[in-house]
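Residue numbers (my numbering), protein chains in the order written: chain A, -18 to 277; chain B, 490 to 619.
Structure, rendered in structure tokens:
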């Protein structure tokens, strides 16, 4: 598994980092931490080491801080990301000049830290694609908001535009129940494994919610829901299965899903995708007070 | 690629869907693939046939992935073993590396991720003259 942690300088990113650590600790996933600067710095620096050009950029400092906090989570000698495999590698220093530098790779898996420049959403989505990430983790403001401080609609737009799953970490409360809403047959094995990971890491129970329209459910979906139920139960998880009308979905999110984690499958054949516009997905995320895991 | 030249891969995972996913993906790339959902059946097979690459889950009923890794390496030290697991610990990782595992891939993974690891394992084997 490869995880992309997209961060800015705000406290919700610090909080989301803890979820990254939880997942990394249990999966040894390949990790990339990325920050996106909306401009300025890249134009001033043509080449060279950042420290030598003496430009202040709080994002760069924040990324350093996140890396340190991530690595310091493990005791010495126990961190799968500890940079101990050192060797010389060629670095493209600038066009027409390469330099050999000593690079230390992680003991088992790599932790990469990157800063990109430009449109925040576009760069995060591009980084996820280029690093072949399975999951993007990003924090956002809590309650009925789901924003980034400087570029407010980043979380919503990343959810809409990303090709992989997205974990929006909303606020500091325990994930003791996962509301997993699904309605289609083509959900992936990876997404089921992701739910398994989340439930196991947090010791959470799972409420599997089959979404229906007009009290019906697609004929091929019912046996599939049963299979999903059996799969999760076979993993020793505490699972229950319920059905809910798609028209009641938003009130359900507002009134019932007040703690835990909401997991939504957003495939092309999903009722959610067919009956609600892209902007509605953003509204669901805001309506729901909990963190949200959008699975693809 | 003739049958003699094909890289032979054994895949062991007690979840049939994982095997079903990986088999056609690797066959399409020209590998010869055998899949097993039972570790005892896979154990019997490695006694009959050496494989170039073995991909195994760690946590399984009966013979677990660690025992299987040991058995593969004991019989055929040149076989590169890739461990896939849903829940990793430093202890199991260390033990796997001590036993000569090639790499550790966390579930869930994309086909492209495991394909990259297999290609690296194949390259290592070729460089070693295997």
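All C-beta atoms in this analysis are idealised placements derived from N, C-alpha and C, irrespective of residue type, glycine included.
So, is the C-beta of residue i closer than 9 Å to a C-beta in chain A?
i                      : result
residue 490 of chain B : Note that residue 490 of chain B scores 48 on pLDDT, short of 50, meaning its location in the model is unreliable; the coordinates nonetheless yield the value given after this. No, no contact with chain A.
residue 582 of chain B : yes
residue 513 of chain B : no
residue 602 of chain B : yes
residue 579 of chain B : yes
residue 524 of chain B : no
residue 566 of chain B : no
residue 595 of chain B : yes
residue 576 of chain B : yes
residue 599 of chain B : yes
residue 607 of chain B : no
residue 570 of chain B : no
residue 610 of chain B : no
residue 591 of chain B : no
residue 510 of chain B : yes
residue 540 of chain B : no
residue 557 of chain B : no
Can the beta-carbon of residue i be found closer than 9 Å to that of residue j?
i                      : j                      : result
residue 191 of chain A : residue 202 of chain A : yes
residue 124 of chain A : residue -3 of chain A  : no
residue 146 of chain A : residue 1 of chain A   : no
residue 242 of chain A : residue 222 of chain A : no
residue 110 of chain A : residue 144 of chain A : yes
residue 209 of chain A : residue 99 of chain A  : no
residue 576 of chain B : residue 178 of chain A : yes
residue 108 of chain A : residue -13 of chain A : yes
residue 97 of chain A  : residue 15 of chain A  : yes
residue 574 of chain B : residue 546 of chain B : yes
residue 534 of chain B : residue 499 of chain B : yes
residue 148 of chain A : residue 272 of chain A : yes
residue -17 of chain A : residue 113 of chain A : yes
residue 40 of chain A  : residue -11 of chain A : yes
Straight-line CA distance for residue i to residue j?
i                      : j                      : result
residue 556 of chain B : residue 591 of chain B : 15 Å
residue 49 of chain A  : residue 536 of chain B : 47 Å
residue 219 of chain A : residue 181 of chain A : 10 Å
residue 225 of chain A : residue 188 of chain A : 12 Å
residue 490 of chain B : residue 501 of chain B : With a pLDDT of only 48 at residue 490 of chain B, under 50, the local geometry of the prediction cannot be trusted, and the value read off the model is given with reservation. Their Cα atoms are separated by approximately 24 Å.
residue 513 of chain B : residue 612 of chain B : 21 Å
residue 246 of chain A : residue 616 of chain B : 44 Å
residue 618 of chain B : residue 565 of chain B : 14 Å
residue 269 of chain A : residue 239 of chain A : 7 Å
residue 84 of chain A  : residue 156 of chain A : 38 Å
residue 160 of chain A : residue 115 of chain A : 21 Å
residue 61 of chain A  : residue -9 of chain A  : 27 Å
residue 430 of chain B : residue 131 of chain A : What the structure shows of chain B is the stretch from 490 to 619, and residue 430 of chain B is not part of that stretch, so it cannot be assessed.
residue 553 of chain B : residue 561 of chain B : 12 Å
Between the Cα of residue i and those of the options, spot the shortest distance and give me the residue it belongs to.
i                      : options                      : result
residue 587 of chain B : B:570, B:601 and B:596       : B:570
residue 283 of chain A : A:228, A:240 and A:176       : Shown here, chain A extends from -18 to 277; a query on residue 283 of chain A therefore has no answer.
residue 595 of chain B : A:6, A:40 and A:14           : A:6
residue 51 of chain A  : A:12, A:122 and A:189        : A:12
residue 80 of chain A  : A:69, A:88 and A:246         : A:69
residue 237 of chain A : A:213, A:247, A:17 and A:265 : A:265
residue 118 of chain A : A:84, A:61, A:140 and A:213  : A:140
residue 567 of chain B : B:575, B:573 and B:558       : B:558
residue 169 of chain A : B:598, B:608 and B:527       : B:598
residue 544 of chain B : B:522, B:530 and B:533       : B:522
residue 530 of chain B : B:542, B:550 and B:607       : B:550
residue 185 of chain A : A:213, A:163 and A:204       : A:213
residue 54 of chain A  : A:3, A:76, A:91 and A:-17    : A:3
residue 211 of chain A : A:232, A:173 and A:66        : A:173
residue 164 of chain A : A:47, A:244 and A:92         : A:244
Can you check whether the C-beta of residue i is within less than 9 Å of a C-beta belonging to chain B?
i                      : result
residue 55 of chain A  : yes
residue 77 of chain A  : no
residue 180 of chain A : no
residue -14 of chain A : no
residue 61 of chain A  : yes
residue 230 of chain A : no
residue 245 of chain A : no
residue -18 of chain A : yes
residue 98 of chain A  : no
residue 9 of chain A   : yes
residue 89 of chain A  : yes
residue 177 of chain A : yes
residue 1 of chain A   : no
residue 219 of chain A : no
residue 174 of chain A : yes
residue 164 of chain A : no
Should residue i be flagged as near chain E, meaning a C-beta pair shorter than 9 Å?
i                      : result
residue 506 of chain B : Reference to chain E is not applicable here, since the protein chains of this structure are A and B.
- Task: List in chain order: all unbroken beta strand (DSSP E) runs of 3+ residues lying wholly within the segment 68 to 139 of chain A.
- Result: At a cut-off of 3 residues, the continuous stretches assigned as beta strand (DSSP E) that sit fully inside the segment 68 to 139 of chain A are 78 to 87, 92 to 98 and 116 to 120.
- Task: Entirely within the segment 516 to 551 of chain B and at least 3 residues each: give me those beta strand (DSSP E) ranges in chain order.
- Result: Here the runs fully enclosed are 521 to 525 and 542 to 546.
- Continuous beta strand (DSSP E) assignments of at least 3 residues falling wholly in the segment 182 to 255 of chain A: The qualifying runs are 186 to 193, 220 to 226 and 242 to 246.
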